[in-house]
Every structure is written in C-alpha cells, then in structure tokens.
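Protein sequences, first through last, are from chains A and B.
Counted from 1, the first sequence has number 296 at position 296 by the working numbering; the numbering is strictly sequential.
Counted from 1, the second sequence has number 1452 at position 452 by the working numbering; the numbering is strictly sequential.
Don't be surprised by glycine CBs; every beta carbon is placed ideally from N, CA and C.
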Amino acid sequence: MPTKNNTAVDEAALANEVKELILKKYPAKEARKRAKQIIVNKVEGDQVPEIMANTRTIPGILTMRGCAYAGCKGVVLGPTRDILQITHGPIGCGFYTWGTRRNQTMPKTPESANFMTYAMSTDMQEEEIIFGGEKKLKKAIEEAIDLFHPKAISIFSTCPVGLIGDDVHAVAREMEEKYPEVNIFGFSCEGYKGVSQSAGHHIANNKLFTDVVGQSEMQKEGKYRFNILGEYNIGGDAFEIERIIDLCGMTRHSTFSGNSEYDEFASAHTVDLNVVMCHRSINYLAEMMEKKYGIPWFKISFIGAGATAKSLRKIAAYFGAPELMERVEKVIAEEIYHVEAVRQEVRARCEGKTAMLFVGGSRAHHYQELFTEIGMKTLSAGYEFAHRDDYEGRKVIPNIVVDADSRNIEELTVEADPARYRPRKTEEELAQLTKREGIGFNDYVGMMSEMKKGDLIIDDLNHHEAEVLMEKYKPDIFCAGVKEKYVIQKGGIPLKQLHSYDYSGPYAGFRGAINFYREIDRMVNSNVFRFIKAPWQKNPELTGSYACNR
Amino acid sequence: MLLRHTPETLADRSALTVNPAKTCQPVGAMYAALGIHNCLPHSHGAQGCCAYHRSALTRHYKDPIMATTSSFTEGASVFGGQANLLEAINNIFTIYGPDIVAVHTTCLSEVIGDDLGQIINKALADGKIPKGKRVIHTNTPSFKGSHVTGFANMTQSMVHYLAENTGKGTGQINIIPGFVEPSDMAEIKRISSLMGVKSILFPDTSEVVNGPLDGRFHMYPKGGATVDQIRSAGDSAFTVSLGSNASLPAAKLLDTKCGIRFKDMELPIGISATDAFVDALRKAAGVSVPDSIMVERGQVVDVLTDNHQYFYGKKVALVGDPDQLVSLTQFLTDMDMKILYVVTGTPAGAKFEESIRGFTGPDTIIKHGLGADLFYFHQLVKNNRPDLIFGNTYAKYIARDEDIPLIRIGFPIYDRVGHQYFPVVGYRGAMRMMEKILNALLDRQDRDAPEQNFELIM
Chain A
1 MPTKNNTAVD EAALANEVKE LILKKYPAKE ARKRAKQIIV NKVEGDQVPE IMANTRTIPG
61 ILTMRGCAYA GCKGVVLGPT RDILQITHGP IGCGFYTWGT RRNQTMPKTP ESANFMTYAM
121 STDMQEEEII FGGEKKLKKA IEEAIDLFHP KAISIFSTCP VGLIGDDVHA VAREMEEKYP
181 EVNIFGFSCE GYKGVSQSAG HHIANNKLFT DVVGQSEMQK EGKYRFNILG EYNIGGDAFE
241 IERIIDLCGM TRHSTFSGNS EYDEFASAHT VDLNVVMCHR SINYLAEMME KKYGIPWFKI
301 SFIGAGATAK SLRKIAAYFG APELMERVEK VIAEEIYHVE AVRQEVRARC EGKTAMLFVG
361 GSRAHHYQEL FTEIGMKTLS AGYEFAHRDD YEGRKVIPNI VVDADSRNIE ELTVEADPAR
421 YRPRKTEEEL AQLTKREGIG FNDYVGMMSE MKKGDLIIDD LNHHEAEVLM EKYKPDIFCA
481 GVKEKYVIQK GGIPLKQLHS YDYSGPYAGF RGAINFYREI DRMVNSNVFR FIKAPWQKNP
541 ELTGSYACNR
Chain B
1001 MLLRHTPETL ADRSALTVNP AKTCQPVGAM YAALGIHNCL PHSHGAQGCC AYHRSALTRH
1061 YKDPIMATTS SFTEGASVFG GQANLLEAIN NIFTIYGPDI VAVHTTCLSE VIGDDLGQII
1121 NKALADGKIP KGKRVIHTNT PSFKGSHVTG FANMTQSMVH YLAENTGKGT GQINIIPGFV
1181 EPSDMAEIKR ISSLMGVKSI LFPDTSEVVN GPLDGRFHMY PKGGATVDQI RSAGDSAFTV
1241 SLGSNASLPA AKLLDTKCGI RFKDMELPIG ISATDAFVDA LRKAAGVSVP DSIMVERGQV
1301 VDVLTDNHQY FYGKKVALVG DPDQLVSLTQ FLTDMDMKIL YVVTGTPAGA KFEESIRGFT
1361 GPDTIIKHGL GADLFYFHQL VKNNRPDLIF GNTYAKYIAR DEDIPLIRIG FPIYDRVGHQ
1421 YFPVVGYRGA MRMMEKILNA LLDRQDRDAP EQNFELIM
C-alpha cells in the first residue's frame, strides 16, 4: 500500500501526464495559453499555485462558456418574479433564457405578480438594425406597462444593440419620466462584453446597486435580519434554505435572487448582514453595499450538511445572541439526525468512488463537500468563468491584472452614503469575530486551498480536455452541464448536471443533502451502464450450425 | 395559474413579443449542418449563441450536439471577426479533425458585415484548411425569419458549395426532407427504399442526434449525408423538396446551378400529404408502389374509420413551424376535426395562409410572423376553447392553465422523449399521430366521465 504522501506524488504524476497529453494536441500558441489554465494543485499552508483565468476563450476550442447577456439576464435578474424583463434584440436571446434555468419561485398570493413564465422581447428585425431599435423598445415598454402593470422593468441589451448604438439607458430614463411609478433600468450586457457570463454578473450587480437597492426603506418584521447573496433557487434550493432559516428564528430579508421580489431588493440595504453563497456572481454587490451602507459580508455555503451547519453557526455567532445560538444548535441537531441516517447508508455504497466537477463559477467548489460527506474523492475540478480569486482566494485580488478583453466592464466608485452609512459592528467586534469564530469577513479562500495536492485544476475546460480526463482518470461520476451530459454518458460514465440538477433538487441545506446523496448513489450504483455491451459482445466466440442440419 | 397575466381581451401589440412561437436562425443552421457526415457546425459570433443553440438541441434530443464558435470579444466585434475565424478553423482541424466545417453567422457578425466567403478563401490561401477538407458557410442573420429560415439557408449553402453537375446522370432522386426529426428522415428513407427508389437525402440527421449508447463517444456519429452524396445531388434525375419554408431555397438553387428539376411538396404528415409524396416518388423514379406500403396505408385508413367518432368535429388549435402546420392542418381536416387557430412566429408568406385556408375554410384564424406568438395564441384559446392543442413544450403552460390536452409536436420538445425515435411522417407516422390524438382524447374522456358513464370499451 502506498503511504499517504506517495499517493499524492502518484496523483501529481498522473496529473502532469494528463496535462501533457492534453497540450500535445494543440497548436503551439494555444498550448502555451492552455498550459497556464491547467494546474496541478499544490497546497502549502495558504499558498496555492497561480492559475490563469477570466481570459478570452480560444476560438474553435469547443468551450462550455456562454456570454455576458446570459450572466446578466439569465443568471442574476432572471429569477426575480416581479421585475418585467425585456430582451432588446433579435428573438433568440429571449427565447433561450425562457424557463431554461430552473429558478423556482413562489408568489406570496395567487394574485401576486409573476412574470417568470413569460419571455419578452423586442424581436428586432432588419429594419431596426438599419434605422435603430429605440423607437420599438419604447413602444414595447408602453405595451408591457399597459398589459402587465409591473413595478419595475429591466431592459437587456444583446449583441447588435451595442453595435448599432441604441442607448437603452436613455430610453429607460425617458420612459421613467413618462411612467414615474415604474422603475425602469437598462443593462448594457451585450453578449460580446468581457469573455464569459462573468461580465454579465458584474454589469447586473452594478445596475442593481445604483438603480434598485436603497429605493425603499421597507423593513421586514423579525430579528436577525440578513440577505443571502448569490443563491438562485435552482430546483428549490432557496426554499429549503428559507425553511431552515425560519426554523432557526432568523429573518431572511432578501435573496439575490432566488424566489425574490423587487421590494426585497429595493430595501436590501436595511439589514445587518450579507452572506454570500456564489462568490463569483455577486461579490461586487456585497463589496459595494459594505462601502455604501456599512453592511459586513462573509462567505457561507449551504451545499452539504456540514457546510450548512457551519454556515448557520457563523451567522448566529455574528448576531451573537445566546438564545439564537442555542436555537440554531437545536435545529442542526434535529436536522443532522435525519441526514446522518441516509449519509451512512449511502456512504457504504459510495466510499472511495471518484468525481470530477466542471461547473460555472462556484458549484465546482461547493459540491466537493457533498461528495466528501459520502466518502467520494474529487480528482479534478474547474470553472467555466471564475476569476483567480475564486480559485486562489481573495488575497490575490490586488495582483489580478484586468486584461484588454475585460477592461470595458465598468468598475463603480462607491463611497459611504452620508445619511445611511451605519457600521453594523465596530472594527474591534469584527476582529474578535474573526479571531474567536473564524469568520473571514470580505474573504473567500477559494477552491484550490481546499483541494488535495495533485488534483488537476482546469479553467474553461473544453471538449478535447474532457475526453482526455475521461480516458485517463475514468471517474465514477462527472459533474457538468447539459451540453456535456450526453457526451460523457455515451462513454459509459454518469454525468450529474450541477446547473439544472437533472430536473430534481433541492440540493442545498439538510434535505438537499439527503436528495443529493440518494441521487449520487443512484447514479454511481445503477444497473443501466451494465447494458452497454450486448451479451454476444461479451462472449465473442462464434457459434453456428452445420448447413446440412438446417 | 402559470400565465395569470394573460388577459382574454385581445389588444394590438406592434413592438412587444411575448412568449415567441419561433426562435432565431442559427439553431436551424446548426441542426442542418449536423445532417452532414463528419461535419462540425461552427457559429461565427459571440460564444453565447453557440452555447444556447447547443443546449436547445441537446435538451430536445438528449444527445450530444457538437459545435464550435468564433468566441467574439469586444475587440473583434468592433474590428471584425476575421482573426477569430481563421484561428478557429486552424484549431478545429488540428484538434477535432472533421471532414467539413459548416459555418453560420449570428446577428453580431451580420451587423459587423464580416465577409465569410473572403475569410474562408483566406484560410484556404493561408493553408489553414487541410487538403481534402472543406469549409462552407451560410449567412443566418437572427433578425430575419426564424430558425426555419436558418435551416433553409444552411441547406441551400450545401448546394451552393458542394453540389456539382458532372454530366454523369446517376438516375437517383434527391429528397430534401425539411426541418423534421431524425426519426422522420429515417422514415422518408425507409419509404423510398421500400419503393425501390434510388435516393439521397440531405441534410440527414438520423443516427446523428439519436445515436446509440455503445460505451464510446463518437464525435462524428455514423449518420449524416456524406459530402460525396451532396456533391452528387447535382447529377440526380429529380429533386423532391418537402416543406417549402425549409427546403425550397435549396431545391431552387439545385435547379438553377445544376439543372435538376424539382417538385415542391408539403411535408408528408398525414394521409393526403403522404399519398402525394409516395405518388411523386413513384412518378419521378418510374416505379410502382409495393404491397407493403399499401398495407401501411390501409391500416391507417382502417384506424381512422374505426375511431372516426372520436375525431369528428373536435376543435383543435395549432402553434408551431409553418411546414408542419400546413400538413397537420390538412391531416386533421381529413379526419373531420375543426381547426380553430393556426399560429407560427415564422414569417411564412401569403402561400402559407392560402394553403391552410384551402383546407380549413374561412373561419380559422391564421397568423404568422410578427405578433404571432404564444401569448396571442393563448388569448385566442381563452376566447374559444379547443379540445386539443398542438404545439411544442412551451405550450404546456397554456395546456395546464386552461386544462386542455397538448399533443407535442415541433421544436423544441424538452419534456418528453419519442420524437427522436418515432416518426410523424409517412403512413406509420400518421398512425402514430392518430394514436397520440386518440390517447389524449380518450384519457380525457376517462378522466372527466361521470362514474355511471365510465366506459370499459371505447
């Protein structure tokens, strides 16, 4: 048996071999670039290797990535049920974001506004490309207001809008003057901005911050009020998180943006804490809200039973009330009791099996914890569009160079609000919470420091690389998205979609952990892949009969 | 209610499209390109389009959909995408080794005005296209037409780049099957081969997007029309073009370029349209219709006669793509059903309306192009309730809210399986459609019947 150290050496050797195999196929220029995005992990204290991320996609490489419009409209704003969302562009962009991300939502009453089952678009035609689309956009806004009477309208720019020079912001201002009761705002999230969905997150954060947050002073009743940032209620994740928070007697003021409403966003600055789930998509808003309003933020994760318990304890410790901490412990104990029974049962069947995760900008990290809980090992992981801080931790932010492709994504200058800035804790209290409770304010350690030495970290994984990984590592399960699912499964390896959850869920929180354990158990221990070879392929010897007997 | 904001009262809309009954061109072009053997579709634009189109087709087929993209950045969007496409072509051939790359465009590269023909020539001159390999292109601006237009454009480009008249007549018949499922393409081939007709079909996605699971991923599956087959289309005796919106441009160009006469026909959905297709093949190839096909036809007529009481007078509403709608309308009126509404987001032209009107008479509301969306369709449904809705998966919201059974047909179908494997064209397809319709109607009768009227035998 190799010792623990030897295993790490072996894994690193395999990882290096795989990396070389991958690069061998590329033209020289592309090989040089990819070499910096494929890293054999090496953790020493809090030091991890440097990875290149958030750089342009190599044309023709068969990437998994999408665009800035997807990041802005599809991801950040999409889940909000009562902001009426109009895509300004030809029909495709609006069509493809219509119900395809599983952001569930639960209107408070049967009469409440819910526009999420609607896809609205200006359906630009050649005429608008030639003469400009502002007139049609204005008319579309009028028609939308007449038909739907929304509180707020958001306009999303697609590729041609920027090129033909339509000014969606001017249109928004003009229409807001005409309809002062409706908050109308536009996003310059043209698909070519930045290098991935990530640019769209940033653009969405900026506008939510300047045009929505702080518009209302409504305060929800209840103690221990906080916002959850970067949780999109895929498959009901936010519902489960809300259930747990209610049990603990805390108050979730708003979620950006799973199961959310406009009014919750507008008054989000009234809380005492922001907790961040998906660091990549929403860290901008967390940072800006702290600067402007004095609301501290820290990273949490509700993916995994252990992570959920840890996050609840962190939030309770922040508020510091003994009765809250007691209640949280009680909730954790009760919930974990149910989780444990399933976990032990599933672990017995999954222990030692291996997984790979290549998902957007946060799940590739979060879900490793769930696999660990059932005894499974992560061999390789990566993001489509995360930045170096998501890989290496926020401490590298000062060293990140914004390259030419992302330079045009606006970076807002934020100052403390003269009237509304209110530090929720003193510097001393924050320092104490860090020291005593290990709460890392404004911090995120990143994925790499929590992965093993020798694990292969790959940014912007493409098809060729996925094929090499499958062949060399033969993992028991591969986690990615719908475009990869059937590619991997044709090869006889189950693929768990960690964007759509394969239409199940929730996977967050305690009940989510149970769902996930059972789902992975089903996938890695199922009968289905036994049928790949027909019986006659397993027993290839020829059979026949004498012609005279026929 | 999932669509609680949709009012019954119709109001004019000229600018806002709500719940479109179409999507944009490139996804149709990508689908068509997958119907060429050993072909990698390429999307010349920002990478979001390619990701969306691959995802849409993947969800529809539950099968791998491979395509590359030029991955435009802001710089390329301002200065042109030539460098991106040249780099992409080099990478694609080096890493993924297709025989042919079929490029389509997006609204981005169309607005910029990238000259793809010139870029491909430069790639050729620079030696970026290996010997014996091909790069073809089509222009698919998303701000014109719909996904059906994109399919038509890519199919036409196959003719433009590949078809050749060498003067050696092959006697074969070209069949351009239109924007239909791989199962339909396979069925069309089966019919043609049962009749002993020597034919080639392009594009042909059967066994590409509905392939088997055999333990190995095949980047280029077994199916697809080969480049040689498409080239030889220029030497064929005749072209049968199915579905004028999807197939006619290619058939016309084949006539202009190679002098191949063609017959523009409806998709062979239903008895009459299949009769016409079989008859056209028979005449074009000079063969007689075999007994096996007569048996299939007779079985369909038998089922129709046996169950006519359930079909007769039933009110139906249809939303989808134009070529399917024309044939479906004829099929359903053949069954004595009553067509209330026919809606497609694709601007389908006067001929579309005329054809439908010819089958339905004056009362049917027909709308296509701008303003013809699922929101409008839903309003119509609220105003006069049909017994059945035909549409893609997005119509399920209407079906649920209004409690009307939905027959899934068209693109996309994200929530059921079967369309990849079982045809709706031909007599066999007509049989399947009838079974689906009957099941929906009889399930509903079983569900709604008072206990004393609950029937064992139906």
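Close to chain A, meaning a Cβ-Cβ distance shorter than 9 Å, are the following residues of the segment 1199 to 1223 of chain B: G1211, P1212, L1213, D1214, G1215, R1216, F1217, H1218 and M1219. Using a CB distance cut-off of 8 Å, B/N1453 does not count as an interface residue toward chain A.
Secondary structure of A/T255 (DSSP, three-state): strand. Residue pairing by DSSP leaves A/C67 without any beta bridge partner. Look at the segment 44 to 60 of chain A: the residues with a C-beta under 8 Å from a C-beta of chain B are R56, T57, I58, P59 and G60. In its chain, beyond the 5 residues on either side, L1388, P1405 and I1407 have a beta carbon closer than 7 Å to the beta carbon of B/A1440.
With a 10 Å radius around the Cβ and a threshold of 16 neighbouring Cβ atoms, B/D1279 comes out exposed.
Around the CB of A/Q344, fewer than 16 other CB atoms lie within 10 Å, so the residue is classed as exposed.
For A/I336, the enclosing alpha helix (DSSP H) has its first and last residue at P322 to C350. When the beta-carbon positions are compared, A/I22 and A/V339 stay at least 8 Å from each other.
Per DSSP, the continuous beta strand (DSSP E) segment holding A/E231 begins and ends at R225 to E231.
Annotation for B/T1073: no residue places its beta carbon closer than 6 Å to its own, counting only its chain and skipping 5 residues before and after.
Below the 7 Å Cβ cutoff, chain B contributes no neighbours of A/Q37, its closest Cβ being approximately 14 Å away. In its chain, beyond the 5 residues on either side, L1086, I1089 and N1090 have a beta carbon closer than 7 Å to the beta carbon of B/K1128. Residues are counted here when their Cβ sits less than 8 Å from a Cβ of chain A; for the segment 1001 to 1023 of chain B these are M1001, L1002, L1003, R1004, H1005, P1007, A1011, R1013, S1014, A1015, L1016, T1017, V1018, N1019, P1020, K1022 and T1023, given in chain order.
Annotation for B/Y1161: I1136 place their beta carbon closer than 6 Å to its own, counting only its chain and skipping 5 residues before and after. Look at A/W98 here: in three-state DSSP terms it is coil, with no helix or strand label. Shown here, B/Y1376 sits in a helix according to DSSP, grouped into three states. Within the same chain, and ignoring the five residues on either side of A/T251 in sequence, the residues whose Cβ sits closer than 7 Å to its Cβ are K220, G222, K223, Y224 and R225. With a threshold of 8 Å between beta carbons, A/R34 makes no contact with chain B. The C-beta of B/P1182 comes no closer than 8 Å to any C-beta of chain A. Runs of the alpha helix (DSSP H) spanning 4 or more residues and lying entirely within the segment 1229 to 1293 of chain B occur at 1244 to 1258 and 1271 to 1285, in chain order. Interface residue (Cβ-Cβ distance to chain B less than 8 Å): A/F441 is not classified as such. At a Cβ-Cβ threshold of 8 Å, A/P423 and A/G235 do not count as neighbours. Between A/H279 and A/A268, the gap from beta carbon to beta carbon reaches 8 Å or more.
Excluding its 5 nearest sequence neighbours in each direction, B/I1409 has C-beta neighbours in its own chain below 6 Å: F1390, listed in chain order.
Annotation for A/Y367: I303, L357, C479 and L498 place their beta carbon closer than 7 Å to its own, counting only its chain and skipping 5 residues before and after.
For A/S380, DSSP records a beta bridge to A/M356 and A/L456.
In the three-state reduction of the DSSP assignment, A/V414 falls in the coil class. Within the same chain, and ignoring the five residues on either side of A/A309 in sequence, the residues whose Cβ sits closer than 7 Å to its Cβ are I332 and I336. Within the segment 146 to 169 of chain A, those residues whose Cβ lies closer than 8 Å to any Cβ of chain B are, in chain order, D146, L147, F148, T158, C159, P160, G162, L163 and I164. The beta carbon of B/H1378 sits closer than 7 Å to the beta carbons of L1003, T1006 and I1398 from its chain, once the five residues preceding and following it are set aside; these are given in chain order.
Taking CB atoms only, B/C1039 has no neighbour in chain A less than 8 Å away.
At a cut-off of 8 Å, the C-beta of B/K1396 has no neighbouring C-beta in chain A. With respect to the C-alpha of B/M1185, the residue from B/F1359, B/N1210 and B/M1433 having the closest C-alpha is B/N1210.
According to DSSP, residue pairing for B/A1102 in a beta bridge involves B/P1041 and B/I1136.
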